[in-house]
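Here's the structure, in structure tokens; my notes come after.
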């Protein structure tokens, strides 16, 4: 398969007076799976639709490899696409659906059937070829849709929230399979989702979007641990916002002095941003500064929700074994297990 | 489950269907009974049917009318399917306007329509019988438009179209291999309505001085009323047999019962 890289350069797209994409620059490397993540209305779907040619950008270019495809019509772009809504052709069998793209490319019938069969096997539905759409479950339909998108060996695979309509269990299984297939076929893939867990789980890199611009694009690990902006920090994963005072580039949280990084100001009221796993809850202490509201057992770890005297809610993620004596209503001490924090304006 | 699906015998429904049945079948059965009477010899016989078949004009006019009806169906589908598809996809504000326009043929008297519509056609069409399909198309528009409109509203048109395009289908093939098969029921209904309306159209045809099967039947009726009724019966039965044959011959594709 001859996969290529995908590049968007200075793409702008407006709908009326809403700017869906604002001078958008973005690249997906050869064989890479990149997710665009963001709240609804952030422009991620528009970006994908511009790549597919289903939406025309107002300005800017789209490149596949070295080819400028900015004004190529959708049906000549050679991109496989899986949609959020079930999109199989109801008058065709699963096998005919999968070979549809090949039929449009005038591939002869024997080759088509063989290829469709191979792909149905790849997505785990070897015996479902003769079935019609209404004889398949939601998960199976999306598998067939995936096979259809890959059958004509597209240069780019576009996934537009393909798992959103499915049950939780099917969603997790299918996303793993998408990733496995994507790696084995080496297809350059753009994956749009609003589900951060999904994005983090299967992507090489994740781009976080807000208001038509890319806030940060990096590996899931970097996004989580070194968020570039406050938006990324609070959108990706759970983030506690604890009120504090900034003096001399430092904040004090639960009696501990922490270095404020990437602060736009040097003094004043701020919120310190701290991940739940960086907060420790101690039951036996003389310095009781919070109260436990709930403790949710999650297996190996437990989520403890506490409240500070000023009403601020703080979440802590601890090992279950270390948090067994924390009960709702008991007074506890909170500690910060980090020395650097991001801050936002109070 | 099977018990719940069984249609219950509902009294109002039975009454309605009975009245409707009388309304539809009594005139047909009466006409048939009338057409096999042989007043000269008394009793019943096939005299008038045999007479009609031997009549040279019978075949001539029925073929002409069938041709015109076929062309009307073709024009209707070629114009309406892409247009209504476009109206649905573009979410154009024009849609409401065109919805309204499509109803106009119902309220404009055929007399007014005949003159106006004819002079608006190009001259080379005006002077041939081929102007009729274009005018029949307009007469059938309210029904054909609604039937296709409902069909297209019932499928996820936008997703299917985009799926087809991204798989490499150009606009023509998208309509041809994806949209039309997906609304097959609506298309068949449109074909049936348009075909039947064209085959039976009388007023407009007479006003424009053309001869088709219905006008010929009225002409025959002037001096052979029983013959005319026999011809009418055949014009009812022959298309029915043809359509039934076609329906049975076409491969059945299970595209119903979508989730």
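Protein chains in written order, with my numbering: chain A, 401 to 746; chain B, 151 to 409. Virtual Cβ for every residue (Gly too), placed ideally from N, Cα, C.
Inter-residue distance for residue 230 of chain B and residue 221 of chain B is about 14 Å (C-alpha atoms, whole angstroms). The beta carbon of residue 339 of chain B lies closer than 7 Å to those of 297 in the same chain, with the five residues before and after it left out.
The beta carbon of residue 261 of chain B is closer than 7 Å to those of 357 in its chain, skipping five residues each way along the sequence. Identification of residues in the stretch 294 to 310 of chain B having a C-beta nearer than 9 Å to some C-beta of chain A yields 305, 306, 308, 309 and 310, given in sequence order. Taking C-beta separations shorter than 6 Å and ignoring five residues to either side along the sequence, the partners of residue 672 of chain A in its chain run 642, 644, 651, 653, 741 and 743, following chain order. Only those residues of the stretch 314 to 325 of chain B whose C-beta falls short of 7 Å from the nearest C-beta of chain A are listed: 315, 316, 317, 318, 319, 320 and 323. Collapsing the DSSP output to three states places residue 441 of chain A in coil. Residues of the stretch 171 to 205 of chain B with a C-beta less than 9 Å from any C-beta of chain A: none at all. Considered as a whole, the stretch 566 to 608 of chain A harbours 588 to 593 as its complete beta strand (DSSP E) runs of no fewer than 3 residues, in chain order. Boundaries of the beta strand (DSSP E) around residue 707 of chain A: 701 to 707.
Exposure of residue 166 of chain B is indicated by the presence of fewer than 16 other C-beta atoms within 10 angstroms of its C-beta. Along the stretch 490 to 511 of chain A, the positions whose C-beta sits under 7 Å from a C-beta of chain B are 490, 491, 500, 501, 504 and 505, read in chain order.
If the five residues before and after residue 201 of chain B are omitted, its C-beta is found closer than 7 Å to the C-beta atoms of 377, all from its own chain and listed in chain order. Around residue 589 of chain A, the same chain offers 428, 432, 433, 434, 556, 557, 558, 559 and 582 as residues with beta carbons nearer than 8 Å, after the five sequence neighbours per side are excluded. Using beta-carbon distances, residue 487 of chain A counts as an interface residue toward chain B, with a partner under 8 Å. The straight-line gap separating the alpha-carbon atoms of residue 472 of chain A and residue 488 of chain A is approximately 24 Å.
Chain order gives the chain A residues near residue 331 of chain B as 489, 490, 491 and 492, where near means a beta carbon separation below 9 Å. Proximity of residue 690 of chain A to chain B, defined by a Cβ-Cβ separation below 8 Å, is not satisfied.
Residue burial is scored here from C-beta neighbours: residue 278 of chain B has fewer than 16 other C-beta atoms within 10 angstroms and is therefore classed as exposed.
Taking 8 Å as the threshold, the shortest C-beta distance from residue 415 of chain A to chain B does not fall below it. Shown in chain order are the members of the stretch 453 to 476 of chain A whose Cβ falls below 9 Å from a Cβ of chain B: 453, 454, 473, 474, 475 and 476.
Think of a sphere of 9 Å around the beta carbon of residue 552 of chain A: the chain B residues whose beta carbon falls inside it are 317 and 318, in chain order.
Proximity of the stretch 279 to 289 of chain B to the stretch 347 to 364 of chain B meets the contact definition, three or more beta-carbon pairs being nearer than 8 Å. For the stretch 542 to 566 of chain A, residues whose beta-carbon sits nearer than 7 Å to a beta-carbon of chain B comprise 548 and 552. Within the DSSP secondary-structure output, residue 691 of chain A pairs in a beta bridge with A:707 and A:731. By the beta-carbon neighbour count (other beta carbons within 10 angstroms, threshold 16), residue 240 of chain B is exposed.
Closest by C-alpha distance to residue 563 of chain A, out of A:549, A:554, A:542 and A:547, is A:542. Secondary structure at residue 630 of chain A: helix, using DSSP grouped into helix, strand and coil. For the pair residue 318 of chain B and residue 505 of chain A, the CB atoms are nearer than the 8 Å cut-off.
Using a Cβ-Cβ cut-off of 8 Å, residue 328 of chain B counts as an interface residue toward chain A, since at least one Cβ of chain A sits closer than that to its own. The C-beta distance from residue 622 of chain A to residue 437 of chain A rounds to 14 Å, too long to meet the 8 Å contact threshold. Looking at the DSSP output, residue 743 of chain A shares a beta bridge with A:672. Closest option to residue 211 of chain B, judged by alpha-carbon separation, among B:391, B:392 and B:382: B:382. Chain-order list of chain B residues neighbouring residue 483 of chain A: 309, 312 and 313, by C-beta distance under 8 Å. The beta carbon of residue 479 of chain A sits closer than 8 Å to some beta carbon of chain B.
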